[in-house]
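Colleague:
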Amino acid sequence: MDWGSLIGLLLAVAAILVGQSLEGGSLSSLLQPAAFIIVFFGTMGAVLLQTEFKHFILGLKVLGWILVPPKTDMQQVSRKINLWTMLARREG
Numbered sequence: 136m137d138w139g140s141l142i143g144l145l146l147a148v149a150a151i152l153v154g155q156s157l158e159g160g161s162l163s164s165l166l167q168p169a170a171f172i173i174v175f176f177g178t179m180g181a182v183l184l185q186t187e188f189k190h191f192i193l194g195l196k197v198l199g200w201i202l203v204p205p206k207t208d209m210q211q212v213s214r215k216i217n218l219w220t221m222l223a224r225r226e227g
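For the numbering used here, add 135 to where a residue sits in the sequence shown, where the first one is 1.
1. Considering just the uninterrupted stretch of the alpha helix (DSSP H) at Ser213, what are its terminal residues?
2. Tell me the residue span of the alpha helix (DSSP H) that contains Val153.
3. Taking the continuous alpha helix (DSSP H) assigned at Val203, which residues delimit it?
4. Give the straight-line distance between the Cα atoms of Leu157 and Val148, rounded to the nearest whole angstrom.
5. Check Gln185 in the structure and name its three-state DSSP category.
Here you go:
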C-alpha cells in the first residue's frame, strides 16, 4: 500500500473539513449531490474531451494503483537494465 497517497488523501479531506468549520459553515453543506454530479461528471467529460477513449478506459482500470501499486520483480528489472546497458555499450 502506498502510504503517501493515503496520508495525502486524508490530509486533503481534513483540510477541507477544518477550513469549512473554521469559516462557520456546516459540514453538511459540503455534501450536496447536485454539486458532486456537476464536478465529477464535468471532470470526466473534460478528460474525455482531451483524451482518447482507450486511454481513458486504461486510466480507470489502473485507478486502484494509487493505493495498491502492482508488485515489481526487482530481479527482472535489474536484468532488463543490464541488457539495455550492454546494448548501449555495443551499439553506442
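All C-beta atoms, glycine included, are put in the ideal place defined by N, C-alpha and C.
All of these numbers come straight from a predicted model, not from anything done at the bench.
Modeller: A quick look at the data gives this:
1. Translated into positions along the sequence shown, residue 213 becomes position 78. Secondary structure note for Ser213: its alpha helix (DSSP H) is the uninterrupted segment 209-226.
2. The residue labelled residue 153 in the question sits at position 18 within the sequence shown. Secondary structure note for Val153: its alpha helix (DSSP H) is the uninterrupted segment 138-157.
3. Position 68 of the sequence shown, counted from the first residue, corresponds to residue 203. Annotation: Val203 is outside any alpha helix (DSSP H) and is labelled neither H nor E by DSSP.
4. Mapped onto the sequence shown, residue 157 falls at position 22. Mapped onto the sequence shown, residue 148 falls at position 13. A direct Cα-to-Cα measurement between Leu157 and Val148 gives close to 14 Å.
5. Reading the sequence shown from its first residue, position 50 is the one you call residue 185. Gln185 falls in the helix class under three-state DSSP.
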